[in-house]
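*Asks:*
There are 2 protein chains.
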Amino acid sequence: MSTETIRSRDNALVKQLRRLGQDGAAGRELGLVWLEGEHLCRALLARGHLPALLLRAESAPHWDHAWALPPSVRRVALADSLLASVSSLGSSAPVGFLWPLPAAVAPEPGRPTVLLDRLQDPGNVGSILRSAAAFGFEQVLALKGTAALWAPKVLRAGMGAHFALRLVEAATLADLPALQLPLLATSSHQGQWLHQAALPWPCAWLLGHEGQGLSPELLAAASQHLRIAQPGGEESLNVAAAAAICLHASAVQRGA
Amino acid sequence: MSTETIRSRDNALVKQLRRLGQDGAAGRELGLVWLEGEHLCRALLARGHLPALLLRAESAPHWDHAWALPPSVRRVALADSLLASVSSLGSSAPVGFLWPLPAAVAPEPGRPTVLLDRLQDPGNVGSILRSAAAFGFEQVLALKGTAALWAPKVLRAGMGAHFALRLVEAATLADLPALQLPLLATSSHQGQWLHQAALPWPCAWLLGHEGQGLSPELLAAASQHLRIAQPGGEESLNVAAAAAICLHASAVQRGA
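Protein sequences appear in the order of chains A and B. Sequence positions in the first sequence follow my numbering and run -18 to 237. Sequence positions in the second sequence follow my numbering and run -18 to 237.
#1: If contacts are defined as beta-carbon pairs under 8 Å, then serine 108/B and alanine 138/B qualify, I think. What distance do you get, rounded to the angstrom?
#2: Excluding the 5 residues preceding and the 5 following histidine 38/A in the sequence, name in chain order all residues of the same chain whose CB lies nearer than 6 Å to its CB.
#3: Measure the C-alpha to C-alpha separation of alanine 58/A and valine 67/A and round it to an integer number of angstroms.
#4: Taking buried to mean at least 16 other C-beta atoms within 10 Å of its own C-beta, is glycine 240/B buried or exposed?
#5: Note down, in chain order, all residues in the segment 194 to 219 of chain A with a beta-carbon under 9 Å from any beta-carbon belonging to chain B.
#6: Which chain A residues sit within Cβ distance under 8 Å of glycine 5/B?
#7: Extract the residue ranges of the alpha helix (DSSP H) inside the segment 10 to 58 of chain A, only unbroken runs of 4 or more that lie entirely within it.
#8: Quick one: Cα of alanine 115/B to Cα of glycine 214/A, how far?
#9: Going by C-alpha distance, which of Ala166/A, Leu79/A and Pro103/A is nearest leucine 200/A?
#10: Tell me which residues share the same chain as leucine 110/B and place their Cβ nearer than 7 Å to its Cβ, disregarding the 5 neighbours each side in the sequence.
#11: Counting only Cβ-Cβ distances shorter than 7 Å, please list the residues of the segment 62 to 92 of chain A near chain B, keeping chain order.
#12: Quick check on arginine -12/B: buried or exposed, where buried means 16 or more other Cβ atoms within 10 Å of its Cβ?
#13: Between leucine 188/A and leucine 124/A, what straight-line distance do the alpha-carbon atoms span, to the nearest angstrom?
#14: Between leucine 238/A and histidine 46/B, what straight-line distance do the alpha-carbon atoms span, to the nearest angstrom?
#15: From the DSSP output, which residues share a beta bridge with glycine 192/A?
#16: Name, please, each residue of chain B whose Cβ falls closer than 8 Å to the Cβ of serine 295/A.
#17: Helix, strand or coil for isoleucine 209/B, going by three-state DSSP, please let me know.
#18: DSSP three-state call for proline 81/B: helix, strand or coil?
#19: Check glutamate 150/A in the structure and name its three-state DSSP category.
#20: Check for me: the beta strand (DSSP E) holding alanine 123/B runs from which residue to which?
#21: Among residues of its own chain, excluding the 5 on either side of leucine 154/B, which ones have a beta-carbon nearer than 8 Å to its beta-carbon?
#22: Could you have a look at aspartate 98/B and say whether DSSP puts it in helix, strand or coil?
#23: How far does the beta strand (DSSP E) with glutamate -15/A in it reach, from first residue to last?
#24: Locate the beta strand (DSSP E) running through alanine 241/B, then write down its first and last residues.
Structure, rendered in structure tokens:
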């Protein structure tokens, strides 16, 4: 096992990292995910996956021997300032992995699902993936227009939930019937109160754009509309907050 | 009613806006909040408040006459590129208000409360303010170390919830007894399941730092520990997602 040290901004790997950090679509194109920081690396290993490459700051050699990675995993040390300059997170995590991006998959029928309709905010998307994994949902479908699920900011907010879920990007409305699931939507003005409703399991929760909500087509496709009681007044909820409440409600009823 | 037009980067007001956008503490120092965008402006007016100043892009004169503001409200047009350059949100909302920052207030006993213990992420803090307002909580205490509640990114994520809440910044542990409320904390390993617990009202929910959770002092001060069922596995929840679930549970029990 040996470690290469890179100090040049023009190195091919450095250029690749820069692209991965800046461009949400680069991951799909290069077939790689860059997992920055100890937490994400650990979460990947906990799911039984191995990275293609371990990347660490030159000043932090102990990471070469962390986690008992097999010698076959390539180790690269990057000059500290260089690593900081290509970080996508504006911080300089001293360690990270490059991991082959999972191949695109099709939706699988019958699996408890969360569907994202054009969600824009990486923090919201990551938070929802985390809630989905915590509450026993297995599959997330992202309709076209949703933030790239493997983008660095979504990965950071997801805190490892990505590795626990079947992630389907570029899904379309035509994928919905094949799910063979009841489709649940929140609504501000129609349907039963969520806290009084009987919720089916498995199901698919439909979550819509931060400003516009669900598209009319999805609202019409929903088999059940549910309202979250908001006694505080006319205020509305952040979509990831609403999602947490809904997915938790499903998980609790399933357990009862 | 007349509108001043500003095109110079060195104008005193422009300098002030730049500081407000860049520095979370500047608002408190200058005694001003900058509300960017139509939604926040509308939310302020809906609560019966008036701005000190209306700020709009030079290319959008119709904003001078929006909302039937009294002539006493100063109108300023900023050259579009100048407005975009001082925007704190990386976007260029064509309209905004400057509003006198509410004077610092002390916690009020007995009011349904949410306490933030060193929360860092502006999106999380804003989302929690929104949930608090939606679920009938009236007061938010931010312990030292929490993101500035009136910072631009928190305001944006709060979507107007700021104006519905009593916001207490720089709170300390010494403020807790004076609240005269049961203090509720979430825990991953002790206490009752949230969905089976009887929750007191009014109460104060304690929410902790994104990575470290609540401080040991706050955990010890809590009168009740509640667990959120997470059948999906070892995953954890984003703090704003957990907050939404807890505050909703309180609201639902209160209504029953």
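Note that the Cβ used here is the ideal one computed from N, Cα and C, for glycine as well. Predicted model only: the values in this text are computed from it and were never measured.
*Replies:* Here's the rundown:
#1: Counted from its first residue, the second sequence places residue 108/B at position 127. Counted from its first residue, the second sequence places residue 138/B at position 157. Between alanine 138/B and serine 108/B the Cβ distance is about 6 Å, and since that is below 8 Å, they are a contact.
#2: Sequence index remark: in the first sequence, residue 38/A carries index 57 (1-based). According to the sequence shown, residue 38/A is alanine rather than histidine. Answer for alanine 38/A: Asp61, Leu64 and Pro75, listed in chain order.
#3: As a first step, residue 58/A is located in the first sequence; it is residue number 77 there, counting from the start. As a first step, residue 67/A is located in the first sequence; it is residue number 86 there, counting from the start. For the pair alanine 58/A and valine 67/A, the Cα-to-Cα distance works out to about 13 Å.
#4: Residue 240/B lies beyond the residue range present for chain B, which begins at -18 and ends at 237; the question has no answer from this structure.
#5: Ile209, Ala210, Gln211, Pro212, Gly213, Gly214, Glu215, Glu216, Ser217, Leu218 and Asn219
#6: On the second sequence, residue 5/B is found 24 positions in, with the first residue counted as 1. Chain A residues near glycine 5/B: none, gap ~16 Å exceeds 8 Å.
#7: If only uninterrupted alpha helix (DSSP H) runs of at least 4 residues are considered, those enclosed by the segment 10 to 58 of chain A are 19 to 27.
#8: As a working mapping, residue 115/B is identified with position 134 in the second sequence. As a working mapping, residue 214/A is identified with position 233 in the first sequence. In a straight line, the C-alpha of alanine 115/B is about 6 Å away from that of glycine 214/A.
#9: Position 219 of the first sequence, counted from the first residue, corresponds to residue 200/A. Closest by alpha carbon: Ala166/A.
#10: Position 129 of the second sequence, counted from the start, is the residue given in the question as residue 110/B. Answer for leucine 110/B: Val121, Gly139, Ala142, His143 and Leu146, listed in chain order.
#11: none
#12: Residue -12/B sits at position 7 when you count from the first residue of the second sequence. When all chains shown are included, arginine -12/B counts as exposed.
#13: Along the first sequence, read from residue 1 onward, the residue named residue 188/A stands at position 207. Along the first sequence, read from residue 1 onward, the residue named residue 124/A stands at position 143. One C-alpha to the other measures close to 10 Å.
#14: As displayed, chain A neither begins before -18 nor continues past 237, which places residue 238/A out of reach and without an answer.
#15: By one-based count along the first sequence, residue 192/A stands at place 211. Looking at the DSSP assignment, glycine 192/A forms no beta bridge with any residue, so it has no partner.
#16: There is simply no residue 295/A to check, as chain A begins at -18 and stops at 237 in what is shown.
#17: Locating residue 209/B in the second sequence gives position 228, where the first residue counts as 1. Coil.
#18: Along the second sequence, one-based indexing puts residue 81/B at 100. It is a strand residue.
#19: Here residue 150/A is taken as the residue at index 169 of the first sequence, counted from 1. Reduced to three states, the DSSP call for glutamate 150/A is strand.
#20: Along the second sequence, one-based indexing puts residue 123/B at 142. 120 to 124 is the span of the beta strand (DSSP E), which, as asked, contains alanine 123/B.
#21: Translated into positions along the second sequence, residue 154/B becomes position 173. Counting only Cβ-Cβ distances below 8 Å, and skipping sequence neighbours, we find Leu124, Glu198, Leu199 and Ala202.
#22: Walking along the second sequence from the start, residue 98/B turns up at place 117. Here aspartate 98/B sits in strand by DSSP.
#23: Counting from 1 along the first sequence, the entry for residue -15/A is found at position 4. Where glutamate -15/A is concerned, the enclosing beta strand (DSSP E) stretches over -16 to -13.
#24: The question about residue 241/B has no answer, for chain B in this structure spans -18 to 237.
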